[in-house]
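A.B. asks:
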Amino acid sequence: MLHLETLEDLRALGEDDPVFFPSLLAAFLDSLNSRLPSIESAIQERSGEKLALAAHALKSSCYNLGAQVLGELCQALENLGKLGNTEGADVLWRALLIESIAVQKEISELPEMMK
4 MLHLETLEDL
14 RALGEDDPVF
24 FPSLLAAFLD
34 SLNSRLPSIE
44 SAIQERSGEK
54 LALAAHALKS
64 SCYNLGAQVL
74 GELCQALENL
84 GKLGNTEGAD
94 VLWRALLIES
104 IAVQKEISEL
114 PEMMK
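Every letter in the sequence shown is one number past the one before it in this note's numbering, and letter 7, counting from 1, is 10.
Below, the structure is given as structure tokens:
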């Protein structure tokens, strides 16, 4: 789910600003929830180009936050899309949804988010 060392590094970046880390987490959750529908729509439309763009946009923020598995799933979807292919994307989509729920739950249980 979340890479703890990455989270600690992000916490350290904002150690002088108590709002920094919770704001970063909230921004990630907003981004995740706004980009998932774009990925789903691209798969439903069988648009490789849209899939590649939507998955790429989410991939970077996943890796930056330490959501490695989520980032890898986005990478796989992006790669499919770059090939102009959406075959098999539905399986990756389901895995992405399951992992995104797990990541959201893990973030919600971080001490900074429970205040």
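Ideal Cβ placement from N, Cα and C applies to all residues, glycine included.
1) Give the range of the alpha helix (DSSP H) segment to which V22 is assigned.
2) Cα-Cα, which of L16, M4, F24 is closest to P114?
3) Quick one, are the C-beta atoms of L7 and G74 less than 9 angstroms apart?
4) Within 10 angstroms of the Cβ of E52, are there 16 or more other Cβ atoms? Answer buried if so, exposed if not.
5) Give every residue of the same chain whose Cβ lies closer than 6 angstroms to the Cβ of V106, excluding the five residues on either side of it in the sequence, and list them in chain order.
C.D. replies: The relevant details are as follows:
1) Segment: none, V22 is in no alpha helix (DSSP H) and carries neither H nor E.
2) F24
3) no
4) exposed
5) M4, A70, L73
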